[in-house]
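Reading the sequence shown from the start, the letters are residues 769 to 880 in the working numbering.
Single-structure report; data block below.
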Amino acid sequence: MAVIKILPHPEYCPNGAEVKAPAGTSICEALLDNGIQIEHACDMSCACTTCHVVVREGFNSLNEMDENEEDLLDRAWGLEPNSRLSCQAIVAQKDLVVEIPKYSINHAKETH
Ligand code: FES
């Protein structure tokens, strides 16, 4: 079991949050199971980038990215070296600190 700390996000969790995630769950599932409605437009099938998160701590404990995820991530808004698609990032036993970027590609399209 790992604890995922989510940094405050104006829409999803204004005061931040901490959720517990059993090893083997994706970050996206863990957030959704705990009422944090992160976008997941392709239903977690690694075909959009709306579930993008930046992993501030514990990045190396996650499973490795596959090529698909890497390619898709290139299109995500606010890409950082520690970015992951949360539906593809599988939690191990180590606690994580995760930031949900301010915008997803959907928002970016609407505002530009
Ligand atoms: S929900 Fe679409 S890539 Fe994660």
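In this text, a Cβ means the ideal position worked out from N, Cα and C, and glycines have one as well.
Check: residue i C-beta below 6 Å from any heavy atom of the ligand FES
i	result
M812	yes
L853	yes
H777	no
L819	Looking at the sequence shown, residue 819 is not Leu but Cys. Yes - the ligand FES has a heavy atom lying nearer than 6 Å to the Cβ of C819.
C781	no
Presumed contact (8 Å Cβ cut-off) between residue i and residue j, rounded CB distance
i	j	result
I804	C819	At roughly 11 Å, the Cβ-Cβ gap does not stay under 8 Å, so I804 and C819 are not in contact.
A785	I774	5 Å
A857	N831	7 Å
C-beta contact flag for residue i and residue j at 7 Å
i	j	result
I868	W845	no
I772	L864	yes
E837	C814	yes
M769	K788	yes
T817	L840	yes
Close Cβ partners of residue i (< 6 Å) along its chain, the five nearest in sequence each way excluded
i	result
N850	V822, V823, F827
A860	A791, S829
E848	V822
Cβ neighbours of residue i in the same chain (closer than 7 Å, five flanking residues each side left out)
i	result
L853	C814, T817, C819, H820, E837, L840, L841
Other residues of its chain near residue i: CB distance less than 8 Å, five sequence neighbours each side excluded
i	result
P778	K870
Start-end ranges of the beta strand (DSSP E) lying completely within the region 777-802, minimum 3 residues:
785-789
Give, in chain order, every unbroken run of the alpha helix (DSSP H) that is at least 4 residues long and sits entirely within the region 798-846.
835-841
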